[in-house]
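A short worksheet on the structure shown next.
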Amino acid sequence: MKKTIYGIAASSAVIIACYARGAEADITAKIDPGKTFQTIDGFAASDAWSGNFIGKFFAEDKKEKLAKWLFSQKYGEDGSPEGIGLSTWRVNLGGGTWEQEGADIIPFQRRAESFLAKDGKSYDWSKAAGQQYFMKKAKEYGCESFLLFSNTPPVQMTQNGKGYKDAADYKSNLRADCYDDFAEYLAETAEHFVKEGFNIKYISPINEPSWRWSTNAQEGCPYTNPEIKRLAVELDKSIQKRNLSTKMLLIEATPLVRLYGYEYRDKANKTPDRDLPANQIYAFFDPDSKDYIGYLKTLPRILTAHAYHTDEDNEMMVEKRKRLSEELKKYGVKFLESEWCLLPGVVCKDGMPQKNPSDMDIALLMAKLIHCDLTISESLGWGYWKAFEIDGSHALTGISPKGGDITKGGEIFARKKLWVLGNYSFFIRPGWKRISLEGANDLEKVFASAFASPDGKKIAIVAGNISYNMQNLKIALPENMALNFRKASLYQTSESAALSNMFSREFSDNSGFALAPRSVSTILIETE
Numbered sequence: 261m262k263k264t265i266y267g268i269a270a271s272s273a274v275i276i277a278c279y280a281r282g283a284e285a286d287i288t289a290k291i292d293p294g295k296t297f298q299t300i301d302g303f304a305a306s307d308a309w310s311g312n313f314i315g316k317f318f319a320e321d322k323k324e325k326l327a328k329w330l331f332s333q334k335y336g337e338d339g340s341p342e343g344i345g346l347s348t349w350r351v352n353l354g355g356g357t358w359e360q361e362g363a364d365i366i367p368f369q370r371r372a373e374s375f376l377a378k379d380g381k382s383y384d385w386s387k388a389a390g391q392q393y394f395m396k397k398a399k400e401y402g403c404e405s406f407l408l409f410s411n412t413p414p415v416q417m418t419q420n421g422k423g424y425k426d427a428a429d430y431k432s433n434l435r436a437d438c439y440d441d442f443a444e445y446l447a448e449t450a451e452h453f454v455k456e457g458f459n460i461k462y463i464s465p466i467n468e469p470s471w472r473w474s475t476n477a478q479e480g481c482p483y484t485n486p487e488i489k490r491l492a493v494e495l496d497k498s499i500q501k502r503n504l505s506t507k508m509l510l511i512e513a514t515p516l517v518r519l520y521g522y523e524y525r526d527k528a529n530k531t532p533d534r535d536l537p538a539n540q541i542y543a544f545f546d547p548d549s550k551d552y553i554g555y556l557k558t559l560p561r562i563l564t565a566h567a568y569h570t571d572e573d574n575e576m577m578v579e580k581r582k583r584l585s586e587e588l589k590k591y592g593v594k595f596l597e598s599e600w601c602l603l604p605g606v607v608c609k610d611g612m613p614q615k616n617p618s619d620m621d622i623a624l625l626m627a628k629l630i631h632c633d634l635t636i637s638e639s640l641g642w643g644y645w646k647a648f649e650i651d652g653s654h655a656l657t658g659i660s661p662k663g664g665d666i667t668k669g670g671e672i673f674a675r676k677k678l679w680v681l682g683n684y685s686f687f688i689r690p691g692w693k694r695i696s697l698e699g700a701n702d703l704e705k706v707f708a709s710a711f712a713s714p715d716g717k718k719i720a721i722v723a724g725n726i727s728y729n730m731q732n733l734k735i736a737l738p739e740n741m742a743l744n745f746r747k748a749s750l751y752q753t754s755e756s757a758a759l760s761n762m763f764s765r766e767f768s769d770n771s772g773f774a775l776a777p778r779s780v781s782t783i784l785i786e787t788e
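In terms of our numbering, the sequence shown opens at residue 261 and continues consecutively.
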């Protein structure tokens, strides 16, 4: 390899990678590490809902393999990642519908345990043992942070004694006299796990507050903006009095347009506009708003939202996030996309078969959404909904219960969505920064984004090739920086590859990276 010294001038930017034969005209992505954007907080998935059952009833080798797929940050013998290295694990704090007599949530594995005993006063930390299994495994594998999220308050604190509403009135099911009790429950649970050695970075007390949550399909609880404010104030007190470093995250809005407007309002919702769970950037962070909570010490200037209902076509993906970005910048608020899966019956009109899409088709749609969230709305990371699920159509991994009974164990398998998320999560670690990349932003062909490690010794470029043809991607770096890099590796996910190491070799110039048709690739360049 030709020896070079940092800072030596060259006649042009250095081009790196592996030549792609049979590709269309080259696509050149110009990267400028000197121009930075958001700092990455982490990539996540959740244990809801099957995690508790898998952790309790599946064989140890099956559970261990799932944990390795989700959390491992190591490379295997063939040079491919063993897993996707999730840096945040979202833990469901159930409402107690599992142990509740007469509970009718269907399917039954969506019922969840609560650490609160039936008397509503004492705690039983032996509950949710299956979930705690995966928490411990995540910690063992080096997962950096944990987020506790709640879909409903404990049933002892709800108005109807259930984990969901009876009436679709869009108001909270939390009893008026239990806001402080619920806050105490959340903070007490966080403190317990902090003492157990877990980095409980966030508590997310509310989920999709604009939804009616009036069916027995899962635990859920709506909230108006004034109700959200009231709970946030109480939770701030409860966290502070325990001297926890844990912060609260609001508001898990869906769809993300709820953060800046009133779109998708249900006609049956008669709540006055001033109280609707909508226009929430203004509602919570404008000092002139009646629901202002920007002064709370444990509330960072971050709002979370879900990417559902923003994936109809490429134009929608872009425009919704541009509008969100404008409003976020107006108030100096940051954004974190915290949940998505492809909802049943939904397909994207662009770049995806309209009938019977394959798992890879869905994974490619997910990659487009991740790209748009990271590059347009500058999300601090990205979260997938469920880590595991029976069949796995809407999860990162699938399980096949023995005899159809999840309490009897079964088999496991990985989905393409797991590995495509890994194209981001394994390489882009907390503390990395997104850096400028121009020339590859076509959601119908090739799109790419770039990220740099804090020490500047690694750059990860994640590129999606939506087309059905091989594409040749060239990476152009500034002259003084390109001369410093020595190694290039490519990791690809496609119908025939699963975050596979296609090559790792010495840095070479004047060549291009081969992006297989319908694939997502991570190009990792390193100084050593």
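A virtual CB, placed ideally from N, CA and C, is assigned to each residue, including glycine.
Below-8 Å beta-carbon distance, residue i vs any chain B residue
i, result
"Leu750", "In the structure shown, chain B cannot be found, because there is only a single protein chain."
Among the options, nearest to residue i - alpha-carbon criterion
i, options, result
"Tyr401", "Lys328, Leu584, Lys431 and Lys316", "Lys328"
"Gly345", "Asp535, Phe331, Arg502 and Gly339", "Phe331"
"Glu404", "Leu434, Ala700 and Lys396", "Lys396"
"Ala377", "Gly362, Leu516 and Gly356", "Gly356"
"Ser835", "Thr475, Met620, Met741 and Glu597", "No statement about residue 835 is possible, as the shown extent of the chain runs from 261 to 788 and does not include it."
"Ser505", "Lys527, Ile291, Phe453 and Tyr483", "Phe453"
"Ala389", "Ile785, Asp307, Ile463 and Ile488", "Asp307"
"Thr599", "Cys632, Lys489 and Ala513", "The sequence given here has Glu at residue 599, not Thr. The candidate whose alpha carbon is nearest that of Glu599 is Ala513."
"Arg694", "Pro714, Asp702, Asp379 and Ala700", "Pro714"
"Gly605", "Pro777, Glu572 and Asp441", "Glu572"
"Lys422", "Trp473, Ala443, Tyr393 and Ser464", "Trp473"
Nearest-angstrom Cβ-Cβ length linking residue i and residue j, presumed shorter than 8 Å
i, j, result
"Gly641", "Phe406", "The pair is not a contact, with the Cβ atoms about 14 Å apart (cut-off 8 Å)."
"Ser618", "Pro537", "Not confirmed; about 36 Å, so no contact."
"Leu510", "Ile460", "Between Ile460 and Leu510 the Cβ distance is about 16 Å, and since that is not below 8 Å, they are no contact."
"Phe686", "Pro341", "5 Å"
"Tyr520", "Glu587", "4 Å"
"Thr449", "Asn433", "Between Asn433 and Thr449 the Cβ distance is about 19 Å, and since that is not below 8 Å, they are no contact."
Pair within 8 Å by beta-carbon distance, residue i and residue j
i, j, result
"Ala289", "Ala708", "yes"
"Ala447", "Leu495", "yes"
"Pro515", "Tyr522", "no"
"Leu584", "Ser637", "yes"
"Lys300", "Ile688", "Here residue 300 is Ile; the residue named in the question, Lys, does not match the sequence. Yes, the pair counts as a contact, with Cβ atoms nearer than the cut-off."
"Asp384", "Asn761", "no"
"Ser639", "Glu597", "yes"
"Phe458", "Lys399", "yes"
"Arg490", "Tyr445", "no"
"Ala319", "Gly669", "yes"
"Ala443", "Lys497", "yes"
CA-to-CA distance, residue j to residue i, given in whole angstroms
i, j, result
"Thr782", "Gln752", "6 Å"
"Tyr644", "Leu408", "15 Å"
"Phe545", "Pro690", "26 Å"
"Leu775", "His654", "26 Å"
"Pro486", "Ala543", "9 Å"
"Ser779", "Lys580", "25 Å"
"Asp429", "Asn529", "7 Å"
"Phe773", "Asn732", "6 Å"
"Leu603", "Gly652", "13 Å"
"Leu678", "Asp548", "43 Å"
"Phe231", "Lys425", "In the structure as shown, the chain begins at 261 and stops at 788. Residue 231 is therefore absent and cannot be evaluated."
"Glu361", "Ser764", "57 Å"
"Leu629", "Tyr483", "27 Å"
"Arg281", "Arg518", "Per-residue confidence for Arg281 stands at a pLDDT of 48, beneath the threshold of 50, marking its modelled position as unreliable; the derived number appears in the next sentence. Rounded to the nearest angstrom, the two C-alpha atoms are 46 Å apart."
"Glu704", "Asn729", "12 Å"
"Ala647", "Thr657", "6 Å"
"Lys323", "Tyr552", "44 Å"
"Lys295", "Lys717", "16 Å"
"Leu634", "Ile366", "35 Å"
"Gln369", "Trp309", "6 Å"
"Val493", "Lys501", "13 Å"
"His855", "Ala305", "Since the first residue shown for the chain is 261 and the last is 788, residue 855 is missing from the structure and cannot be characterised."
"Asp526", "Tyr335", "48 Å"
"Lys557", "Ser410", "21 Å"
"Asn740", "Asp286", "23 Å"
"Ala712", "Ala757", "25 Å"
"Pro560", "Arg350", "18 Å"
"Phe297", "Lys387", "42 Å"
Cβ contact (3+ pairs, closer than 8 Å) linking the stretch 624-631 and the stretch 608-616 | yes
Okay, do the stretch 663-678 and the stretch 737-752 touch, 3+ Cβ pairs below 8 Å being the bar?
-> no
Decide yes or no for the touch test of the stretch 310-319 against the stretch 724-736: beta carbon pairs closer than 8 Å, at least 3 of them.
-> no
Take every Cβ of the stretch 346-366, pair it with every Cβ of the stretch 468-486, and state whether three or more of those distances are shorter than 8 Å.
-> yes
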